[in-house]
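Participant: Taking the numbering used here, the leading residue of the sequence shown gets 33, the next gets one more, and so forth. For each residue, glycine too, the CB sits at the ideal point set by N, CA and C. Quantities reported herein were computed from a predicted structural model and do not represent experimental measurements. Please find one structure pasted underneath; my questions will follow.
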Amino acid sequence: MRYCNVTHQLTKNLALLTRVKIGLEHLEEKFLVMSLLPMKIFSPKFMKKIKDNVKVWTRSLVAISLVAMTIFGNAHEAFAKRSGGRIGGSSFKSAPSRSAPSNPSYSGNSTPYYNNGGGGFFFLPMFFGGGMGGGLFTLLLLVIVAGVIMQAFRGRGDGEGITGMDSKVSVAKIQVGLLASARSLQQELTRLALESDTSSSEGLAAVTRETVVSLMRHPEYWVYVSSANENTKFALAEQKFNSLVMSERSKLNAETLSNVGGRVLQGKTAASLPSEGSLSLEDPSEYIVVTMLLAVAGDSLSKLPTLRSSEDLQAALSVIGSVPEDNLLAVEILWEPQSENYTLTNDEVLTVYPDLVRI
């Protein structure tokens, strides 16, 4: 019996020792793996693989950076190129209207005489004393009054002067593409924008004349031209002019300098931007575009020729420069690029200004 108990106890101890041995073997394997892991990580082969990956990542980052710099650099330069200037103003609201003359007043008692044929009535003076009611003097007064009435009706029929609601107004556009060598034109327009008084009709007339003179000084640089002209009634002229202005302004990415209605706004102009990417101004494939928009009372601009040659442009500029100050209702001068550091390419000119034709 005792022998059996001893045998059973030895069997249990042996099983326990076996389990302990197995546990120790597992623990030894774990320690071995942990001890070999740093050796594996920092092995020459593993480190070489890491270095190769770092080189690839570095090249990729450099390539991405260069592409980003190119994209954003070109976008910045393109933005500067397509930034323009603006000068202008309008006197539609303050345009004087030439009214019909009023009837002269007479002293004394008057009796109304009604005309059965329509057209209102007038007064026949009745003078006391002297017996002149049916004489020559009364006849002369009748002739004078009749003349005044006829003149009044004729004035109404003519639209009450050059700014009557039915009077004629010419809305015109002149557009010129010049070689970039005419950079002094950009400087002159910038000076006008900074110094001109665009809140008065006198100032607007001066801006118009100065712009015409600046363009006429550079006939050797004229390359592209375009023109449009529409005669309309005074009541519709302001709307048509504003529509034309909005259409042309929308072609600019931004207006870095403007002087409109006496208010000067100057943003970050292209002149203050880095000019490393600016193109050679002597390149014959680079251009400046100047646009003149005008609303003129009367039909003086109806004489503008269709622009097909330098001679046509010369004649059109002469007509615009001779417009009387009182007839100039509105003017808008746009040019791009605003800064002389930038120009437009031939593709940009033809894409943005499809109406331009080569002369």
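Exposed or buried, which one is isoleucine 320 when buried takes at least 16 other CB atoms within 10 Å?
Facilitator: As a working mapping, residue 320 is identified with position 288 in the sequence shown. Counting Cβ neighbours within 10 Å, isoleucine 320 comes out buried, since at least 16 surround it.
Participant: For valine 245, I'd like the list of residues in its chain whose CB is within less than 6 Å of its CB, leaving aside the five on either flank, ordered along the chain.
Facilitator: The residue given as residue 245 occupies position 213 in the sequence shown. Hits under 6 Å: none found.
Participant: For asparagine 291, name the three-state secondary structure that DSSP assigns.
Facilitator: Sequence index remark: in the sequence shown, residue 291 carries index 259 (1-based). In this structure, asparagine 291 counts as strand in the three-state DSSP scheme.
Participant: How do the stretch 334 to 345 and the stretch 361 to 381 stand: do at least 3 beta-carbon pairs fall below 8 Å, yes or no?
Facilitator: Taking a cut-off of 8 Å on C-beta distances, the stretch 334 to 345 does not touch the stretch 361 to 381, as fewer than three cross pairs fall below it.
Participant: How big is the Cα-Cα spacing for valine 177 and lysine 205?
Facilitator: Sequence index remark: in the sequence shown, residue 177 carries index 145 (1-based). Sequence index remark: in the sequence shown, residue 205 carries index 173 (1-based). So the alpha carbons of these two residues sit roughly 46 Å apart.
Participant: Which ranges does the beta strand (DSSP E) cover as unbroken runs of at least 3 residues, wholly within the stretch 225 to 281, from first to last along the chain?
Facilitator: If we require 3 residues or more, the beta strand (DSSP E) runs fully inside the stretch 225 to 281 come out as 254 to 265.
Participant: Determine the direct distance from the alpha carbon of leucine 173 to that of alanine 327, and round the result to whole angstroms.
Facilitator: Working through the sequence shown from its first residue, we reach residue 327 at position 295. Working through the sequence shown from its first residue, we reach residue 173 at position 141. Taking the straight line joining both Cα atoms gives about 44 Å.
Participant: Between which two residues does the beta strand (DSSP E) harbouring leucine 360 extend?
Facilitator: Here residue 360 is taken as the residue at index 328 of the sequence shown, counted from 1. That run of the beta strand (DSSP E) goes 360 to 368.
Participant: Which word fits glycine 179, buried or exposed, when buried means at least 16 other C-beta atoms lie within 10 angstroms of its C-beta?
Facilitator: Here residue 179 refers to the residue found at position 147 when the sequence shown is read from its first residue. It is exposed - the Cβ of glycine 179 has fewer than 16 other Cβ atoms within 10 Å.
Participant: Would leucine 212 pass as a contact of glutamate 318 if the rule is Cβ separation under 8 Å?
Facilitator: The residue you call residue 212 lines up with position 180 of the sequence shown. The residue you call residue 318 lines up with position 286 of the sequence shown. At residue 212 the sequence reads alanine, which differs from the leucine that was named. Taking 8 Å as the Cβ cut-off, alanine 212 and glutamate 318 qualify as a contacting pair.
Participant: If I'm right that leucine 226 touches phenylalanine 273 with Cβ under 8 Å, what's the distance once you round it to whole angstroms?
Facilitator: Locating residue 226 in the sequence shown gives position 194, where the first residue counts as 1. Locating residue 273 in the sequence shown gives position 241, where the first residue counts as 1. Actually they do not touch by this definition, with Cβ atoms about 24 Å apart.
Participant: Would you kindly work out how many angstroms separate the C-alpha atoms of aspartate 358 and aspartate 331, rounded to a whole number?
Facilitator: Stepping through the sequence shown from its first residue, residue 358 is reached at position 326. Stepping through the sequence shown from its first residue, residue 331 is reached at position 299. Distance between the alpha carbons of aspartate 358 and aspartate 331: 14 Å.
Participant: Helix, strand or coil: which one does DSSP assign to arginine 118?
Facilitator: Mapped onto the sequence shown, residue 118 falls at position 86. Of the three classes helix, strand and coil, the one that applies to arginine 118 here is strand, per DSSP.
Participant: Just the Cα atoms here: how many angstroms apart are valine 296 and isoleucine 181?
Facilitator: For the purposes of this step, residue 296 is identified with residue 264 of the sequence shown, where counting begins at 1. For the purposes of this step, residue 181 is identified with residue 149 of the sequence shown, where counting begins at 1. Going by the C-alpha atoms only, they are around 49 Å apart.
Participant: Is the shortest distance between the beta-carbon of lysine 205 and the beta-carbons of chain C less than 8 Å?
Facilitator: The question asks about chain C, but that chain is absent: this structure has only one protein chain.
Participant: In the DSSP assignment, the beta strand (DSSP E) including isoleucine 352 goes from what residue to what residue?
Facilitator: Along the sequence shown, read from residue 1 onward, the residue named residue 352 stands at position 320. Element bounds for isoleucine 352: not the beta strand (DSSP E) but the alpha helix (DSSP H), 342 to 353.
Participant: Can you tell me where the beta strand (DSSP E) with threonine 323 in it begins and where it stops?
Facilitator: Position 291 of the sequence shown, counted from the first residue, corresponds to residue 323. DSSP places threonine 323 inside the beta strand (DSSP E), whose first and last residues are 318 to 329.
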